[in-house]
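Numbering (our numbering), first residue to last: 8 to 122.
In structure tokens:
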């Protein structure tokens with residue numbers, strides 16, 4: 008659960024922890040505006056997208072060093088078969104906080120005897 012599909016993007020650092028009825032994902036996204044963030048849920052995967060455009064369109068600057076990056080960042084988490092209407096997210100102070108309600112998929116779980 009909560010395994011990354013691809014772990015090639017080190018920009019979105021996160022912490023994941025659980026409470027009785029939900030999981031919490033906290034992702035550091037400093038420098039982004041809320042309107043530049045998107046989330047999708049599809050077949051058990053929660054995808055977080057963040058995009059940052061280069062505001063410098065003139066390129067007339069004589070950079071000595073340029074470390075800030077621009078583009079689209081993506082991170083996928085497998086959260087299982089949960090009710091997507093019960094996924095809540097808020098963005099505050101550069102941190103995206105996502106709450107995922109736990110699924111009751113295992114309520115009918117049965118042990119099968121191996122003969």
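No residue lacks a Cβ here, since even glycine has one placed at the ideal position from N, Cα and C.
Inset, instruction - Out of 73, 82 and 39, point me to the one whose CA is closest to residue 56's CA. - result: 82
Legend entry - Runs of beta strand (DSSP E) wholly within the region 21-103 (minimum 3 residues, chain order): 21-25, 29-35, 44-49, 52-59, 78-85 and 94-99
Inset, instruction - Name, in chain order, the residues that DSSP records as bridge partners for residue 108. - result: Its beta-bridge partners are 29.
Legend entry - 8 Å Cβ shell around residue 76 - same chain, five flanking residues per side excluded: 18 and 59
Legend entry - CA-to-CA distance, residue 25 to residue 107, given in whole angstroms: 9 Å
Inset, instruction - Buried or exposed for residue 30, please, with buried defined as at least 16 other CB atoms from any protein chain shown within 10 angstroms of its CB. - result: buried
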